[in-house]
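Asker: Residue numbers (the numbering used here): 1476 to 1945. Here it is, the structure, as structure tokens.
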Amino acid sequence: GAFNNNSRWFSSYPPHEVVGMPSLSPTMETGTIAAWNLGEGDSFNAGDSICTVETDKATVDFEAQDEGVVAKIIVQAGGGEIPCGTPILVTVEDEADVPSFKDFVVEAAAPAAAPVEEAAPTPAPTPVAAAPTPAAAPAAAAPTGERVLASPRAHTLAKEKGYGEISALRIVGTGPGGRIIAQDVLEYDPSTAPAPVVAETTTAAAATPAAAAPAAAAASTPLPEPVQGPGYTDYSLPTSAMELASRLHTSKQNVPHYYLSIDLSLDSLMELRSSLNSTMKLDENDGGISVNDLLMKAAAAAMKTVPAANASWMENFIRVYDSVDINVVVGNGSSLYAPVIRDAGRRGLKALSDDVAAATAVVEGEEGSDPTTVPGFGDVGTFTMVNLGMFGVKSAAPIIREPQACALALGVIENRIVPNDDAESEEIYKESVMMTATLSCDHRVVDGAVGAQWLSAFKNHVENPVTLLL
């Protein structure tokens, strides 16, 4: 775990930090101190274990992010469950300051704010989902002169190096929640510091509606230029990519994944696609219905056959959804994007195809594309589908996005030699257009039998695609 501190200096005490109970996992809300590994007056370095914390899922060491001295232990070991953010100890930089905190009590300090790494609870998928705070994203440097979150050692180093007050520097903290640690000050180079942020005037701020769309603004704001370092380059990520990464990180930790794969024959599906596109009047910019559109429709149809897969784990019950809302992963790298295609089971193929095309246009940055006009921008659906065939990948095991219970990965479309099922043919083998599909399942919601039933239904719709038109 990271040593997550909240800097709260009180005028009657020497420079210090009140440390709150950390959030050592994305779902942790409370913890119990099993043992203190250091006592009052003991010094520590970065990486040292301060105490051992028990959560409902594991026992984890609470490690220091910086060096310092334990000045006061506020909560004793074995004292019961403590909400995240509740003050548990005080640290200082100078051992000589420890006696000043002999009578320090929790009532004398404002409660430490909840650690910022704690992920926001993932909402139910049908409404527009709230975007969680990316846990690993470094916070932007505070405007000059504002109070910043930094360790006592970082403050001292800044003065020793002649930089003055740390709040006057353009330092981006790499500690938990953007906290500035000693190593950040040691690596600080004034010549490469980020440019100051120009604050808007009070009048301008007052004129801005409070309900402005932050997601749309973030999506349309150009990313900063890459930052060169000694032997490396740092590339900034858009907000949408960080949100998706945060969700996937949390899901991989919480969801008991298992995987099922099946081979699909696409011969009939390809014929249907060709027939449908030939009957539609398509302009030069309309590619018509794609194979991916048909596979998405087949997935939605399989949900109708096996509705238990279109569900979510809700801790003490399972929620089954009426509408099949599919997150379709498009783009790659920093432009990874997973728009939700609403009600895929009851809508026509052309309507689904148009939604996917609109989302793809946004990711590819086509002129005139506005994320706020795309249905499902930033939402979480009930199922996720990702196609890696364009990269030549035969199969993949996707990570499930909470609170969904399943995710489907599609591999490359290729010609394979397979046994000939035509009884009237003299040929033993034939060439067929094939694909491998892999379904990731949350075993709490979808057990092996249900997962196998869903894949069987999906295969039936893909290999008998006329059922998609019913």
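We put the beta carbon where it would ideally sit given N, CA and C, even for glycine. What you are looking at is a predicted structure, and each value in this text was computed from that prediction instead of being measured.
Quick one: Cα of L1757 to Cα of E1746, how far?
Answerer: 18 angstroms
Asker: Between the alpha carbons of F1537 and S1524, how many angstroms are there, rounded?
Answerer: 6 angstroms
Asker: Using DSSP with H/G/I as helix, E/B as strand and the rest coil, what is D1659?
Answerer: In the structure shown, D1659 adopts helical secondary structure according to DSSP, grouped into three states.
Asker: Identify every residue that forms a DSSP beta bridge with N1802.
Answerer: V1815 and T1859
Asker: In chain order, what residues of the same chain have a beta carbon less than 8 angstroms from the beta carbon of H1732, not counting five sequence neighbours either side?
Answerer: A1872, I1874, I1875, S1915, C1916, D1917 and H1918
Asker: Can you find the residues in the same chain that come closer than 7 angstroms, C-beta to C-beta, to N1752, ignoring five residues on each side of it along the sequence?
Answerer: G1763 and I1764
Asker: Spell out a yes or no on whether the stretch 1817 to 1831 and the stretch 1879 to 1886 are touching, meaning 3 or more CB-CB pairs, one atom from each, closer than 8 angstroms.
Answerer: Contact fails between the stretch 1817 to 1831 and the stretch 1879 to 1886, because fewer than three Cβ pairs, one in each stretch, are under 8 angstroms apart.
Asker: Tell me which residue opens and which closes the beta strand (DSSP E) that V1921 is part of.
Answerer: Bounds of any beta strand (DSSP E) do not take in V1921, whose DSSP letter is neither H nor E.
Asker: Along the chain, which unbroken stretches of the alpha helix (DSSP H) at least 4 residues long are found entirely within the stretch 1524 to 1566?
Answerer: none
Asker: Whose C-beta lies closer than 8 angstroms to the C-beta of T1534 among residues of the same chain, with five residues either side of it excluded?
Answerer: A1509, T1527 and V1528
Asker: Assuming S1749 is part of the alpha helix (DSSP H), what are its boundary residues?
Answerer: D1742 to T1754
Asker: In terms of residue numbering, what span does the beta strand (DSSP E) encompassing T1708 cover?
Answerer: Y1707 to D1709
Asker: Grouping DSSP H, G and I as helix and E and B as strand, with all else coil, what is D1830?
Answerer: In the structure shown, D1830 falls within a helical segment according to DSSP collapsed to helix, strand and coil.
Asker: Taking the beta strand (DSSP E) that V1702 belongs to, which residues open and close that run?
Answerer: V1702 to G1704
Asker: To the nearest whole angstrom, what separates the beta carbons of N1935 and T1857, a pair I think is in contact under 8 angstroms?
Answerer: Not quite, the Cβ-Cβ distance comes to about 21 angstroms (not below 8 angstroms), so this is no contact.
Asker: Comparing alpha-carbon positions, which option in G1560, Q1551, K1577 and T1561 lies nearest G1516?
Answerer: Of G1560, Q1551, K1577 and T1561, the residue nearest in Cα terms is K1577.
Asker: Buried or exposed: D1800, going by 16 or more other Cβ atoms within 10 Å of its Cβ?
Answerer: buried
Asker: Could you check where the beta strand (DSSP E) with N1520 kicks off and where it finishes?
Answerer: Per DSSP, N1520 belongs to no beta strand (DSSP E) and is neither H nor E.
Asker: In chain order, what are the residue ranges of uninterrupted alpha helix (DSSP H) at least 4 long that sit wholly in the stretch 1868 to 1945?
Answerer: 1923 to 1938
Asker: Pull up the DSSP beta-bridge partners for S1736, would you.
Answerer: T1913
Asker: Take L1945 and list the residues in its own chain whose beta-carbon comes closer than 6 angstroms to its own, dropping the five residues that flank it on each side.
Answerer: none
Asker: Using the rule of at least 16 other Cβ atoms within 10 Å of the residue's Cβ for burial, across every protein chain shown, is A1912 buried or exposed?
Answerer: buried
Asker: So, helix, strand or coil for R1794, using DSSP?
Answerer: Looking at R1794 - three-state DSSP - the assignment turns out to be strand.
Asker: For E1901, count neighbouring Cβ atoms within 10 angstroms of its own Cβ and tell me buried if that reaches 16, exposed if not.
Answerer: Counting every other CB atom within 10 Å of its CB across the protein chains shown gives E1901 a total below 16, marking it as exposed.
Asker: Per the DSSP calculation, A1510 is bridged to which residue(s)?
Answerer: T1527
Asker: Cα-Cα, which of A1720, M1496, P1699 and E1718 is closest to Y1710?
Answerer: P1699
Asker: Leaving out the 5 sequence neighbours to the left and right, which residues in its chain are closer than 7 angstroms to L1513 when beta-carbon positions are compared?
Answerer: F1519, I1525 and V1545
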